[in-house]
Amino acid sequence: MKNLLTDIAGVRVGHAEDAKVGSGATAVVFDSPAVAAIDVRGGGPGTREDALLDLANTVERVDAIALSGGSAFGLDTGGGVQAWLAEQGRGFRVREALIPIVPGAILFDLLNGGDKAWGRFSPYRDLGYAAAAAAAAGTDFALGSVGAGLGATTATFKGGLGSASAVTPDGVKVAAIVAVNAVGSVTVGDGPWFWAAPFEVDGEFGGRGLPDRFTDDMLRMRIKGGPAASARENTTIGAIVTDAVLTKPQAKRLAMIAHTGFARAIYPVHAPTDGDVLFAAATCEQPIEPLAGLTELGTIAANVVARAIARAVYSATALPFPGAQPAWRDRFG
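This is how it looks when you write it as structure tokens:
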């Protein structure tokens, strides 16, 4: 176990970035199509193929998930991932046709100091293709200011991309990948403590624990831009993946339970100014009891999501632009 999404067999992750733009993309590619669903909690989401994941609709499995910066421009990322999959002969078959199924979500990073004057076409389709190609290279991937998390910020410190994993007592694996660009804060007050501290494993985000007591100032709302924050500027997006055998409705329930991890790691969360989206996918290798087993899987998945969010901020580095938001490590080492 590497404490990464790729601890789930048959799952690969690749990043691509444009340093000048200050943005990037991340592709989660499945070796075989995975059962998938989506849960949207934020008030300003940006998604691709979310209707396809509705429980009433026909297609149950997806070939990849695209996560990207760029706000609505970043939805082109899914097309790049789709293009790479098409070259590999992957997709949903309709007689002679193959259509790669690639849901996706985006975050807003257009005001982080990068050069967004890219001309007629945004770079995100090419970034999606490059991220998918990078995913094919292996099972390791970087955390922090990389991929979809390159341009991400939070209310207090630089955001980024994080991942974490765990195993249930029955041996079922579950892992998360999250790009954190929250309107709220991942840390308590102005200190080094992460809201997700109770769920930390082996000092994975600094081992600082929680403060001895919570003051009124620590509990004060800290959000980007204060009351004037825009609904387009903030989003935490990600995916929870398991090797459990799940149906599409069970994957939806897993996404709903795992979304609790957002609330354990971000303060405040699921606001009108957030676009919080969480995908759930299952590679369907390990049988699971459908009631208590799914509940336990969801409980652990929520903890894994919280840990991934904290790891994203803990691992991030500041962008090299004037006035860029400082990283957690800039202040606390």
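Mapping of the sequence shown onto my numbering: residues 1154 to 1486, in sequence order.
A virtual CB, placed ideally from N, CA and C, is assigned to each residue, including glycine.
The beta strand (DSSP E) enclosing residue i, as first and last residue numbers
{"i": "R1214", "result": "R1214 to S1221"}
{"i": "N1334", "result": "K1326 to N1334"}
{"i": "T1388", "result": "T1388 to A1397"}
{"i": "A1449", "result": "A small fix is needed here, since residue 1449 is Glu in this sequence, not Ala. Per DSSP, E1449 belongs to no beta strand (DSSP E); it is in the alpha helix (DSSP H), A1445 to S1468."}
{"i": "R1165", "result": "V1164 to D1171"}
{"i": "D1483", "result": "That residue, D1483, is in no beta strand (DSSP E); its alpha helix (DSSP H) goes W1481 to F1485."}
{"i": "V1339", "result": "Counting along the chain, V1339 falls outside any beta strand (DSSP E), and DSSP gives it neither H nor E."}
{"i": "P1186", "result": "S1176 to V1193"}
With 16 other Cβ atoms within 10 Å as the buried cut-off, status of residue i
{"i": "T1159", "result": "buried"}
{"i": "V1387", "result": "It should be noted that the sequence gives Asn, not Val, for residue 1387. Result: buried."}
{"i": "D1370", "result": "exposed"}
{"i": "A1169", "result": "buried"}
{"i": "D1184", "result": "exposed"}
{"i": "T1340", "result": "buried"}
{"i": "P1186", "result": "buried"}
{"i": "A1289", "result": "exposed"}
{"i": "L1372", "result": "exposed"}
{"i": "G1391", "result": "buried"}
{"i": "K1405", "result": "buried"}
Nonlocal neighbours in the same chain, by C-beta distance under 8 Å from residue i, ignoring five residues either side
{"i": "A1474", "result": "It is Phe, not Ala, that sits at residue 1474 in the sequence shown. Answer for F1474: G1175, N1265, G1266 and G1267, listed in chain order."}
{"i": "R1238", "result": "According to the sequence provided, residue 1238 is Leu. The question's Arg does not apply to it. V1182, D1216, A1217, G1244, P1253, V1255 and A1285."}
{"i": "D1293", "result": "K1155, L1157 and T1159"}
{"i": "P1443", "result": "Q1403"}
{"i": "P1364", "result": "V1341, G1342, G1344, W1346 and M1371"}
{"i": "V1398", "result": "A1435, C1437, E1438, Q1439, P1440 and I1441"}
Boundaries of the alpha helix (DSSP H) in which residue i is found, first to last residue
{"i": "G1414", "result": "T1413 to A1418"}
{"i": "F1432", "result": "No alpha helix (DSSP H) holds F1432; the beta strand (DSSP E) holding it covers V1430 to Q1439."}
{"i": "D1279", "result": "Y1277 to A1288"}
Other residues of its chain near residue i: CB distance less than 7 Å, five sequence neighbours each side excluded
{"i": "F1117", "result": "What the structure shows of the chain is the stretch from 1154 to 1486, and residue 1117 is not part of that stretch, so it cannot be assessed."}
{"i": "A1384", "result": "Its pLDDT being 39, under 50, A1384 is placed unreliably in this model, and the value from its coordinates should be taken loosely. G1196, G1197, P1425 and T1426, listed in sequence order."}
{"i": "Y1420", "result": "G1337, S1338 and W1348"}
{"i": "M1374", "result": "P1421"}
Cutoff 6 Å; reference residue i; Cβ partners in own chain excluding five residues on either side
{"i": "V1336", "result": "I1376, K1377, A1382, N1387, A1424, T1426 and D1427"}
{"i": "M1409", "result": "D1192"}
{"i": "P1345", "result": "R1361 and F1485"}
{"i": "D1171", "result": "P1276"}
{"i": "S1298", "result": "G1313, A1469 and T1470"}
{"i": "D1203", "result": "I1191"}
{"i": "L1263", "result": "S1224 and K1269"}
Problem set entry | Touching by the beta-carbon criterion (3+ pairs, under 8 Å), the region 1185-1193 and the region 1326-1346 | The region 1326-1346 and the region 1185-1193 do not touch, with fewer than three beta-carbon pairs separated by less than 8 Å.
For this session: Could you name each continuous beta strand (DSSP E) segment of 3 residues or more that falls completely within the region 1222-1256, going from the start of the chain to the end?
Result: For the region 1222-1256, whole beta strand (DSSP E) runs of length 3 or above, ordered along the chain, are 1245-1247 and 1250-1252.
For this session: Could you say if the region 1310-1324 and the region 1424-1433 meet the contact criterion of at least three C-beta pairs nearer than 8 Å?
Result: Segments in contact, no.
Exercise. For the region 1465-1484 against the region 1430-1450, are there 3 or more C-beta pairs whose distance is under 8 Å?
Worked result: In short, these stretches do not touch, since the Cβ pair count stays below three.
Problem set entry | Given 8 Å, three or more beta-carbon pairs between the region 1401-1418 and the region 1445-1465 | These segments touch.
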